[in-house]
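Colleague: The structure under discussion is supplied below as structure tokens; questions concerning it will follow.
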Amino acid sequence: MSSVGIVGAGPAGVFAALSVRDFYNTDVVVFDWQEPLTTLFPTGGGRCNFSYFETDVKTFASYYPRGSKFLLSVLSRFGMNDTVDYFEAIGIKSYVQNDNRIFPISDSAKTTAEIMLQRGNILGIKFKKERVNNIFDNGKKFILSTENGDYEFDKIILASGGKNFKLARKFGHKIISPRFTLAPLEIAEKQYYELSGLSLKDVWIKVFFEGKKILNIAGDMLFTRNSISGPVVFKISSICVYDDYSKDKPLELQINVAKQSLQYLENYVENYKMDNPRTSIRNSFNAFCPKSLFDMILIENGIDPTKQIAQMTKKERNIILENLTSLKIHVTDKVNGAGIVTAGGVDTNEINPKTMESKLVKGLFFAGEMINVDGFTGGFNLQNCWSTARVAGMSVLADEEENA
Ligand SMILES: Cc1cc2nc3c(=O)[nH]c(=O)nc-3n(C[C@H](O)[C@H](O)[C@H](O)COP(=O)(O)OP(=O)(O)OC[C@H]3O[C@@H](n4cnc5c(N)ncnc54)[C@H](O)[C@@H]3O)c2cc1C
């Protein structure tokens, strides 16, 4: 009987194991020094946001800043719908939240993990709590070494996540520089940290780096006590992960807090002044900016908040409108150690997306975050695990079946 060894019992490794056994009557052994699926537990804040409801494969793939082209073929073989159906078939019913994120009905990553492992048990998958130190290809078999000894396998699936590339490197694979992403960002204007807890809904943001506009993006953001955060900030951290910004060379965010054009606000001010001449400047822009942020803008620019709007000078008006349509914040760094996903990893040019087999080493397959594929928050990174693992699992012994 053939045998398949899998390195890593995270979501990708375990789903690859289930998939191998769904297709082939073969021995499957999964190695990890941690308990299986430990890394699934914190996902979605413990609720396991395991995919995202989007049926168009091209649109789905566009949510991955790295690997979208590679994933087209993978997702068309096993995508969001297939995952939902598979999970339902093994007892993990799911629901779609109003922002399109998909969760198990249990709202529990632990329960999801238990059901997957029960399924693994039924299929006879073996788990060994051992760290894989080395793998040799002797031309006939792969010899996998752990601290407890050597094991022989016909095929290997590497699913060791975004922090362990030693084995892939050893096989000669190119590793695109790994960097943590999906992180809150530190900013130069520390005074905004006083606004901790304030969220800005669906603001428009232009991002500049070294004087060039590199991104136009919209979404929700949040001020925290030591960073800016929220979905749009996570997206910026992801898209700009390879821009080497720093204190000396920051990313400049120009935030349209009002979500209006300058022209619109100019007309608004003229009309408002005529209708409400005695209203204070502070109370004249409630529709366009949360009060705490607006107060800070006025104080920072030395504008008296109690002044009547009719007395506002042209210079003051320009400063206010400039800040409402283009508030400048400079990003100097990611919050240290806060990224939850790795950008970079095994170069997709060296993997066949139809099978997930290495183009360099026959019989060696890849799955999950260790590949140079990463997505935004929303369930995309787990979907990458399920899809790549399924394709690896269904392909791993296809050549032996053909030869039989
Ligand atoms: C806090 C947090 C929340 C998240 N929430 C979500 C979410 O809601 N939705 C989403 O889509 N994504 C989420 N993610 C990302 C998602 O968890 C990862 O993309 C996913 O876990 C990657 O799975 P993987 O199996 O490829 O790698 P991993 O989960 O990293 O698993 C790899 C495993 O390999 C083992 N290993 C490594 N080297 C060896 C070796 N030499 N020998 C033996 N074992 C080895 C490791 O111990 C590990 O258990 C979140 C991540 C974090 C950190």
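Numbers in the working numbering are just positions in the sequence shown, counted from 1, shifted up by 428. Think of the CB as a built atom: it goes at the ideal place given N, C-alpha and C, for glycine as much as any other residue.
Taking 8 Å as the limit between beta carbons, can you name the residues of its chain near lysine 583, skipping five residues before and five after?
Modeller: Counting from 1 along the sequence shown, the entry for residue 583 is found at position 155. For lysine 583, where only same-chain residues beyond five positions count, the Cβ hits under 8 Å are Ser430, Ser431, Val432, Gly433, Phe570, Gly791, Leu792, Phe793, Val824, Leu825.
Colleague: Quick one: does the C-beta of tryptophan 461 sit closer than 7 Å to a heavy atom of ligand 3?
Modeller: In the structure on display, ligand 3 does not appear, and the ligands it does have are ligand 1.
Colleague: In three-state terms, what does DSSP make of valine 824?
Modeller: In the sequence shown, the residue the question calls residue 824 occupies position 396. Here valine 824 sits in coil by DSSP.
Colleague: What did DSSP end up calling glutamate 463 once you bin it into helix, strand or coil?
Modeller: To locate residue 463, count along the sequence shown from 1; it is residue 35. Coil.
Colleague: In terms of DSSP beta bridges, what is aspartate 695 paired with?
Modeller: Here residue 695 is taken as the residue at index 267 of the sequence shown, counted from 1. The question names aspartate, but residue 695 in the sequence shown is asparagine. Partner(s): none; asparagine 695 has no beta bridge.
Colleague: Determine the DSSP secondary structure at tyrosine 491, reduced to helix, strand or coil.
Modeller: Numbered from its first residue, the sequence shown carries residue 491 at position 63. Correct three-state label for tyrosine 491: coil.
Colleague: Using 8 Å as the threshold, is the segment 755-765 in touch with the segment 557-571, meaning 3 or more CB pairs across them?
Modeller: They do not touch, by the three-pair rule.
Colleague: Can you tell me whether glutamate 575 sits near ligand 1, meaning its C-beta is under 7 Å from at least one heavy atom of the ligand?
Modeller: Locating residue 575 in the sequence shown gives position 147, counting from the first residue. No.
Colleague: Span of the beta strand (DSSP E) holding valine 432?
Modeller: Numbered from its first residue, the sequence shown carries residue 432 at position 4. Here the beta strand (DSSP E) through valine 432 covers 431-435.
Colleague: Roughly how many angstroms lie between the CA atoms of aspartate 827 and glutamate 516, to the nearest whole one?
Modeller: For the purposes of this step, residue 827 is taken as residue 399 along the sequence shown, with counting starting at 1. For the purposes of this step, residue 516 is taken as residue 88 along the sequence shown, with counting starting at 1. About 30 Å.
Colleague: Can you tell me whether DSSP reads arginine 653 as helix, strand or coil?
Modeller: For the purposes of this step, residue 653 is identified with residue 225 of the sequence shown, where counting begins at 1. Of the three classes helix, strand and coil, the one that applies to arginine 653 here is coil, per DSSP.
Colleague: Return the chain-ordered list of same chain residues with a C-beta closer than 6 Å to the C-beta of cysteine 476, the five sequence neighbours on each side being excluded.
Modeller: Here residue 476 refers to the residue found at position 48 when the sequence shown is read from its first residue. Counting only Cβ-Cβ distances below 6 Å, and skipping sequence neighbours, we find Pro532, Ala537, Thr540.
Colleague: Excluding five sequence neighbours on each side, which residues of the same chain lie with their C-beta closer than 8 Å to the C-beta of leucine 726?
Modeller: In the sequence shown, the residue the question calls residue 726 occupies position 298. Around leucine 726: Ile709, Arg710, Asp732, Pro733, Ile748.
Colleague: Among Asp630, Asn453, Cys813, which residue has its Cα nearest to the Cα of alanine 686?
Modeller: Here residue 686 refers to the residue found at position 258 of the sequence shown. Per the Cα distances, Asp630.
Colleague: With distances taken between CB atoms, is the gap from phenylalanine 459 to lysine 556 smaller than 8 Å?
Modeller: Residue 459 sits at position 31 when you count from the first residue of the sequence shown. Residue 556 sits at position 128 when you count from the first residue of the sequence shown. Yes, these two residues count as a Cβ contact at 8 Å.
Colleague: Can you give the Cα-Cα distance for tryptophan 632 and methionine 822, rounded to whole angstroms?
Modeller: Mapped onto the sequence shown, residue 632 falls at position 204. Mapped onto the sequence shown, residue 822 falls at position 394. If I take the Cα positions, the gap works out to 43 Å.
Colleague: Taking the alpha carbon of alanine 587 as the reference point, which residue from Arg559, Glu614, Thr609, Glu580 has its own alpha carbon closest?
Modeller: Your numbering for residue 587 matches position 159 in the sequence shown. When each option's Cα is compared against that of alanine 587, the closest is Arg559.
Colleague: Going by the CB atoms, is the gap between glycine 807 and tyrosine 480 shorter than 8 Å?
Modeller: Your numbering for residue 480 matches position 52 in the sequence shown. Your numbering for residue 807 matches position 379 in the sequence shown. Their beta carbons are under 8 Å apart, which means tyrosine 480 touches glycine 807 by this criterion.
Colleague: Can we count serine 588 as close to ligand 1, meaning its CB is less than 7 Å from some heavy atom?
Modeller: In the sequence shown, residue 588 corresponds to position 160, counting from 1. Checking the Cβ of serine 588 against ligand 1 gives yes.
Colleague: So, at 7 Å on beta carbons, what are the nonlocal neighbours of tryptophan 461 in its own chain, with the 5 sequence-adjacent residues on each side left out?
Modeller: By 1-based counting over the sequence shown, the position of residue 461 is 33. Cβ within range, chain order: Lys557, Glu558, Arg559.
Colleague: Which residues does DSSP pair with tryptophan 632 in a beta bridge?
Modeller: Locating residue 632 in the sequence shown gives position 204, counting from the first residue. Ala646, Asn684, per the DSSP bridge assignment.
Colleague: Within the present structure, is the beta-carbon of valine 769 separated from the nearest heavy atom of ligand 1 by less than 7 Å?
Modeller: Here the question's residue 769 lines up with position 341 in the sequence shown. Answer for valine 769: yes, Cβ within range of ligand 1.
Colleague: In terms of alpha-carbon separation, which member of Thr816, Ala771, Gly438, Asn780 lies closest to isoleucine 603?
Modeller: Within the sequence shown, the letter at position 175 stands for residue 603. Answer by Cα proximity: Ala771.
Colleague: Does valine 707 come out as helix, strand or coil in the three-state DSSP assignment?
Modeller: Here residue 707 corresponds to residue number 279 of the sequence shown, with the count starting at 1. Checking the sequence, you will find threonine at residue 707 rather than valine. Three-state DSSP puts threonine 707 in coil, outside helix and strand.
Colleague: Decide if asparagine 812 is buried, meaning its Cβ has at least 16 other Cβ atoms within 10 Å, or exposed.
Modeller: Mapped onto the sequence shown, residue 812 falls at position 384. Asparagine 812 comes out buried.
Colleague: Residues bridged to leucine 679 by DSSP?
Modeller: Reading the sequence shown from its first residue, position 251 is the one you call residue 679. Paired residues: Phe637, Val759.
Colleague: Between Asn526, Gly473, Glu778, Asn746, which lies nearest to valine 697 when the distance is taken from Cα to Cα?
Modeller: Here the question's residue 697 lines up with position 269 in the sequence shown. Checked all of Asn526, Gly473, Glu778, Asn746; the closest Cα to valine 697 is Asn746.
Colleague: Under the rule that 16 or more other beta-carbon atoms within 10 Å means buried, what is phenylalanine 443, buried or exposed?
Modeller: For the purposes of this step, residue 443 is taken as the residue at position 15 of the sequence shown. Flag for phenylalanine 443 reads buried.
Colleague: By alpha-carbon positions, which one of Asn654, Lys677, Asn684, Glu680 ends up nearest to glycine 647?
Modeller: As a working mapping, residue 647 is identified with position 219 in the sequence shown. It is Asn684.
Colleague: Run the proximity test for alanine 440: is its beta-carbon closer than 7 Å to any non-hydrogen atom belonging to ligand 1?
Modeller: The sequence position of residue 440 within the sequence shown is 12, counting from 1. Flag set: Cβ of alanine 440 near ligand 1.
Colleague: Check whether the Cβ of valine 763 lies closer than 7 Å to any heavy atom of ligand 1, and answer yes or no.
Modeller: If you number the sequence shown from 1, residue 763 lands on position 335. No.
Colleague: Whose C-beta lies closer than 6 Å to the C-beta of asparagine 576 among residues of the same chain, with five residues either side of it excluded?
Modeller: Residue mapping note: residue 576 aligns to position 148 of the sequence shown, counting from 1. Cβ within range, chain order: Glu558.
Colleague: Quick one: Cα of threonine 467 to Cα of isoleucine 768, how far?
Modeller: Here the question's residue 467 lines up with position 39 in the sequence shown. Here the question's residue 768 lines up with position 340 in the sequence shown. Taking the straight line from one Cα to the other gives about 11 Å.
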